[in-house]
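Scroll down for the structure; my scribbles are underneath it.
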Amino acid sequence: IGSSIDDKFAYCLPPYSNENNSTGQLKFGEDAEFSGTKAVREMPMASDGGEGSFYVLILTNISVGNSRLNIQFGGAQTTALLGDARSIIIVSGTSLTFLAKD
1 IGSSIDDKFA YCLPPYSNEN NSTGQLKFGE DAEFSGTKAV REMPMASDGG EGSFYVLILT
61 NISVGNSRLN IQFGGAQTTA LLGDARSIII VSGTSLTFLA KD
């Protein structure tokens with residue numbers, strides 16, 4: 001499937017509070033772009049190397065609106081699954097994605 005969508009997809013998360021019942025969006029190929037009034041950033045992701053069921057992303061910071069949270073991610077700590085403690089997994093096939101409140 002990757003070659004049919006130029007190995008490109010975009011995934012936008014809904015707000016955590018989701019008071020307006022908004023939904024996330026998943027787009028593929030040429031449609032994998034988001035527009036709007038807020039800045040959207042692109043980040044390269046590495047596939048897990050297996051069946052491509054998840055992608056690994058190094059998280060450097062989180063912003064909410066115009067406020068950067070400056071979260072400490074553990075520096076050089078490592079985890080057994082991902083290696084770098086700042087690594088997160090994006091599972092494109094899941095029906096729910098969120099960041100924990102704490």
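full-length UniProt numbering numbers the first residue of the sequence shown as 1 and each following residue consecutively.
Built from N, CA and C at the ideal position, the CB exists for glycine as well.
Figure out for me which residue from A10, V56, R68, F28 has the closest Cα to the Cα of S4. In the sequence shown, the residue the question calls residue 4 occupies position 4. The shortest Cα separation from S4 among A10, V56, R68, F28 belongs to F28.
For F9, which residues of its own chain have a beta-carbon under 6 Å away from its beta-carbon, when the five flanking residues on both sides are left out? Start at 1 with the first residue of the sequence shown, and residue 9 comes out as number 9. For F9, where only same-chain residues beyond five positions count, the Cβ hits under 6 Å are F28, A32.
Locate the beta strand (DSSP E) running through K27, then write down its first and last residues. Here residue 27 refers to the residue found at position 27 of the sequence shown. Its beta strand (DSSP E) spans residues 25-28.
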